[in-house]
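**Q** Below: one structure in structure tokens.
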Amino acid sequence: MARYTGPQFKKSRRLGFSTLETGKEFSKGKQREYAPGQHGQIRKKHSDFAVHLFEKQKVKFTYGVSEKHMKKYYLKATKQEGITGHNLLINLEKRLDNVVYRMGFASTRRQARQFVNHGHFTLNGKKADIASMVVNAKDIVEVKPKSQSIKFIVENLKNGKISEWVSVKGFKGTFDRNPERNEFLKSIKESLLVEQYSK
2 MARYTGPQFK
12 KSRRLGFSTL
22 ETGKEFSKGK
32 QREYAPGQHG
42 QIRKKHSDFA
52 VHLFEKQKVK
62 FTYGVSEKHM
72 KKYYLKATKQ
82 EGITGHNLLI
92 NLEKRLDNVV
102 YRMGFASTRR
112 QARQFVNHGH
122 FTLNGKKADI
132 ASMVVNAKDI
142 VEVKPKSQSI
152 KFIVENLKNG
162 KISEWVSVKG
172 FKGTFDRNPE
182 RNEFLKSIKE
192 SLLVEQYSK
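So for the sequence shown, the working numbering puts the first residue at 2; every next one is plus one.
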């Protein structure tokens with residue numbers, strides 16, 4: 002199945018989780034923390050399978066990856082030292098589009114993905130237009146000179162929130178270190194993802 006490109010707010014409300022990490026999905030005149038649609042306010046008890054599935058979908062829609070790529074990230078995480086669930090999420094955090102978002106160059110991951118795909122960034126001085134490229138510690142992500150006048154990037158830098166594990170100076174950002182597990186997506190239960198894929 003290809004990655005999801007439909008309404009983000011609707012998916013967030015269905016999952017009861019802010020995939021944009023802003024909480025905007027649940028406020029429109031009044032709090033709408035129930036699922037969308039005619040029967041959204043009917044409360045259902047989820048099965049064990051549904052609980053595991055929803056947790057996986059939270060991560061998939063947050064990072065904008067397909068099921069095929071999620072499985073690849075899981076298999077990679079199983080071969081690394083440490084806790085598999087932590088490795089899985091950290092590998093997703095090291096995607097170039099996510100790093101661009103964490104550095105404040107983009108207001109959402111979708112916008113970051115578009116910026117990367119359109120070739121507005123370099124990675125360590127080299128062309129970088131693939132959203133899934135891996136960014137490692139001390140790598141430098143920089144906005145190309147011809148793209149530094151883009152209104153959205155300039156505004157995002159003024160208003161954007163920069164994560165603790167990256168540093169930004171002007172249009173150049175450095176991925177200082179891998180994030181600690183307690184620094185991002187604290188409400189995600191990665192153990193459920195591992196259980197889902199290990200069945």
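Every residue gets a Cβ at the ideal spot worked out from N, C-alpha and C, and that includes glycine.
1. Count the other CB atoms within 10 Å of the CB of A78; is the residue buried (16 or more) or exposed (fewer)?
2. Could you tell me whether the Cβ atoms of T1 and K12 are closer together than 8 Å?
3. Would you list the residues sitting across from G174 in a DSSP beta bridge?
4. Smallest Cα separation from R96: which of G171, Q81, I84, A113?
5. For I154, count neighbouring C-beta atoms within 10 Å of its own C-beta (all shown protein chains included) and say buried if the count is 16 or more, exposed if not.
6. Would you mind reading off the limits of the alpha helix (DSSP H) that contains T79?
7. Taking K170 as the reference, which of S48, G105, L89 has the closest Cα?
8. Can you find at least 3 beta carbon pairs, one from the segment 135-149 and one from the segment 173-186, that sit closer than 8 Å?
9. Out of W166, K73, H121, which one is the CA nearest neighbour of V195?
**A** On the basis of the data shown:
1. Counting Cβ neighbours within 10 Å, A78 comes out buried, since at least 16 surround it.
2. The structure shown does not extend to residue 1, since the chain is modelled only from 2 to 200, so the question has no answer here.
3. For G174, which the question treats as bridged, DSSP gives the partners V142, V169.
4. Taking R96 as reference, the option from G171, Q81, I84, A113 with the minimal CA-CA separation is A113.
5. Looking at its Cβ environment, which holds 16 or more other Cβ atoms inside 10 Å, I154 is buried.
6. 68-79
7. G105
8. The segment 135-149 vs the segment 173-186: in contact.
9. K73
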